[in-house]
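Protein chains in written order, with the working numbering: chain R, 957 to 1209; chain C, 512 to 831.
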C-alpha cells in the first residue's frame, strides 16, 4: 500500500517537473519526426521491391520509429538522473521512509507516460502523412512501447548508478545505440538484409519489438512475431526493472 | 538516555581488488539532548560513518541503534526518527523552497494540507518567506543551507544528523547556522554533526569524538579533552642579546611550575601549569634580571593540541 502511495507521489512530482521544462521531451520527438518527414518518402520507391514487408512505406516505417523513440529516450532519462544524483536529491530521498520500490517505480512510470505521449504524437503525424493502420493493432503496439520503455529506462538507471558520470554514460549509449538501431531494421527492413545480418539481428531483442509492432499495425494479430515480441519485451522489461530496483537498494555513492 | 549507540561499527570497500578499511571500528554513544561533534581530518572515515548512521550504507561489521531501534534490520523505522542534512543538501533546484518542503513532508507521510502548514512554519522559522516561491537553484549559499536544514526538520526528528554543515559557507551564514543549531538543540533536538573545523567543534559541541584513520582516538567534552594536555603555553618576545636565551633559562630553571622551556632568536616558549598565575611570577623574575620583554602571549590548549597529542599530527595539516 505504501509503495503504491509513494509511487504515485513520486510520479506526480517527476511528471510535474518534466512538464515544467519539456525541452527534452520535444527534442526526443524531433529526430523520429524528421525521419518520418524526410526519410519515409525515400522508402516509397522500394516499398514494392521483393522482400519489403507488407504495409507500405509509412506503415512499415512508423512502427520502427516507435521503437527508435523508446531506445533513444534512454539518453534523456539518464542525463536528468545523473544531475539529480550529483545534487544529492536521491540521497535525501533515500534517508526518508519512502518505499524503496517507489523510488524506482515512480520514475519509471513518468518515463513510460512521457514515452506514450511522444508515441501518440508520432503516430498522429504519421496519420497525417497517410498512415492507415489497424487501430486495435496500434493500441496493442503501444503496450510493446510500454514494455520497451520500462526495459530501456530501468537499464539506463542501473548503468547510470554504476558509472555515475554523464560522459561515461553518453559514450556507452552512443556505442550501443547505432548498431542496435541498424540491427532492429528500423530504417530499412531486415528482410532486405543479407543472411548474416539477419542472423545477428536474431539475438537483438529490439528487432522482435519492431517485428511485432509491424505485424500489429497491419492487423496480423495471429502472426507469431506478435507473441514473440510480447514475450521477449515482457521478460526483458521484468529483468530490467528487477535490476534497477536492486541497484537503487544497494546504494548511491 | 542514549539516543545513538554504535559498537565496533566498521566498513570496508573493495577498490580494484584491494580491501580499503574506511571505518575500522567506531564505538560511541550520544545522549539525548546533546550536540555531539564528530571531528577529524578529511578521509578519516567521518562521511562513511555518517552514511552508515543514515541507513545509506550497510556496515561490514558491528552494530548501531538509534532510539533503541536497530539501524540495519529496522532501517525504515529509523528513517522516521532521524533528520539528515548532507553536504550537498539535496534540494531540488528546479523547485521552489515551498515545493521542496511540501514534498519532503509528504515523503514522511504527512497529508497534503498538513505538509502545506508545516512548510509554512519552517519557511517562517528559517526566514525563507521572501524567497519561498523562487526556484531554489537561484539561492545564495546561505539561503540554500537554510532550506537544506528546513528539509531535515520537516518531520521534527528527535535526532538531527548534519554532515559538515558549515563547509564552504561564508562567515555570516556560518554564525547563523551555529545559532540555529543551538536553538534547535534548546528545543529538544539531539544533534550529531561531523566537522573538520576545530573552532566549530569547540564552540558548538557539548561532547565530541575525534576520529582518525577509521577509529575513534578520544571522546569527551571539549574542556575535558583539553585538560588532558598538560599546561598552558607562554610565549615571550624578548630584546635578544647573544646570551639572553641561556640567561633566562638559568633564571627560570628552578621554578617547579615550568614544565619545559625552549628558545630561538626571537622568542622563548614555556609550557607551564596554570598559566595565568605563572605569568606574573615569570615576568617579575625576568624583569629583575634586566631583560627587556617586548611581547607576551598566553595560550590555553586547543583541540588541535588534543589531536596532535593523540595522533602525532596536527589537524590543520591533515585537513589540507
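Even glycine gets a Cβ: it sits at the ideal position worked out from N, Cα and C.
Between residue 679(C) and residue 652(C), how many whole angstroms is the CB-CB distance? I'm expecting something under 8 Å. Right, their Cβ atoms sit about 7 Å apart.
Thinking C-alpha only, which one of 535(C), 760(C), 630(C), 558(C) is nearest residue 572(C)? 535(C)
When you compare only the Cα positions, how much space is there between residue 605(C) and residue 1072(R)? 24 Å
What number of angstroms, rounded off, separates the C-alpha of residue 596(C) from the C-alpha of residue 1179(R)? 56 Å
For the beta strand (DSSP E) containing residue 546(C), name the first residue and the last one. For residue 546(C), the enclosing beta strand (DSSP E) covers residues 546-550.
Could you compute how far the alpha carbon of residue 1092(R) sits from the alpha carbon of residue 1202(R)? Going by the C-alpha atoms only, they are around 36 Å apart.
Examine the Cβ distances between the stretch 728-745 of chain C and the stretch 777-787 of chain C and report whether three or more of them are shorter than 8 Å. yes
Quick check on this structure: which residue in 657(C), 541(C), 714(C), 725(C) has the alpha carbon closest to the alpha carbon of residue 846(C)? Missing from the structure shown is residue 846(C); chain C here goes from 512 to 831 and no further.
To the nearest angstrom, how far is it from the Cα of residue 1162(R) to the Cα of residue 618(C)? 37 Å
Out of curiosity, what's the CA-to-CA distance linking residue 1048(R) and residue 592(C)? 14 Å
Let me confirm a value: residue 994(R) is counted as buried when at least 16 other C-beta atoms fall within 10 Å, else exposed. Which label applies? For residue 994(R), the number of other beta carbons within 10 angstroms of its own is below 16, and it is reported as exposed.
Using 10 angstroms around the beta-carbon of residue 682(C), count the other beta-carbons present and answer buried if the total reaches 16, otherwise exposed. Exposed, by the Cβ-count rule.
Let's see if you can read the secondary structure: which residues bound the alpha helix (DSSP H) around residue 1016(R)? Following the DSSP letters along the chain, one finds residue 1016(R) inside the alpha helix (DSSP H) bounded by residues 1012-1042.
Using beta carbons (cut-off 9 Å, strictly below), is residue 701(C) in contact with chain R? no
State yes or no: is the beta carbon of residue 963(R) nearer than 9 Å to at least one beta carbon in chain C? No, because no Cβ of chain C sits closer than 9 Å to the Cβ of residue 963(R).
So what does DSSP say about residue 969(R), is it helix, strand or coil? helix
Do residue 1074(R) and residue 1025(R) have their beta-carbon atoms positioned less than 9 Å apart in this structure? Cβ atoms of residue 1025(R) and residue 1074(R): closer than 9 Å.
Straight-line Cα distance separating residue 817(C) from residue 808(C): 20 Å
Which residues in chain R have a C-beta closer than 9 Å to the C-beta of residue 599(C)? List them in chain order. 1042, 1043, 1044, 1045, 1047, 1048
Cβ of residue 658(C) within 9 Å of Cβ of residue 600(C)? yes
Integer-rounded CB distance, given that residue 692(C) should sit under 8 Å from residue 749(C): Actually they do not touch by this definition, with Cβ atoms about 44 Å apart.
Taking Cβ-Cβ distances shorter than 7 Å, what residues in chain B pair up with residue 565(C)? Considering every chain present, this structure includes no chain B. Its protein chains are R and C.
Following the continuous beta strand (DSSP E) through residue 784(C), name the residue where it begins and the one where it ends. First-last for residue 784(C): undefined, no H or E at that position.
Contacting residues, own chain, Cβ-Cβ under 7 Å from residue 1033(R) (five flanking each side not counted): So the qualifying residues of the chain are 1067, 1109, 1112.
If you draw a straight line from the C-alpha of residue 823(C) to the C-alpha of residue 551(C), how long is it? 13 Å
Interfacial residues, the stretch 783-795 of chain C to chain R, with Cβ spacing under 8 Å: Going along the stretch 783-795 of chain C in chain order, one finds no residue with a Cβ nearer than 8 Å to chain R.
What residues of chain R sit near residue 614(C), judged by a beta carbon separation below 7 Å? In chain order: 969.
Evaluate residue 1159(R) with the Cβ neighbour count: other Cβ atoms within 10 Å of its Cβ, from every protein chain shown; 16 or more gives buried, anything less gives exposed. exposed
Out of curiosity, what's the CA-to-CA distance linking residue 983(R) and residue 991(R)? 13 Å
Check whether chain C comes within 9 Å of residue 1202(R), counting only Cβ atoms and requiring the distance to be less than that. Judged by the 9 Å Cβ criterion, residue 1202(R) is not in contact with chain C.
Is it right to say residue 553(C) is buried, meaning 16 or more other beta carbons lie within 10 angstroms of its own, or is it exposed? With fewer than 16 other beta carbons inside 10 angstroms of its own, residue 553(C) counts as exposed.
Tell me which residue opens and which closes the alpha helix (DSSP H) that residue 575(C) is part of. Premise fails: residue 575(C) lies in the beta strand (DSSP E), 572-577, not in any alpha helix (DSSP H).
Spatial neighbours of residue 1125(R) in its chain, beta-carbon cut-off 6 Å, leaving aside the 5 residues before and after: 1034, 1116, 1119
Using beta-carbon positions only, say whether residue 608(C) and residue 645(C) come within less than 9 Å of one another. yes
Considering residue 1167(R), what are the terminal residues of the beta strand (DSSP E) in which it resides? Segment 1161-1173 is the alpha helix (DSSP H) holding residue 1167(R); no beta strand (DSSP E) there.
Got a sec: is the Cβ-Cβ distance from residue 662(C) to anything in chain R below 9 Å? yes
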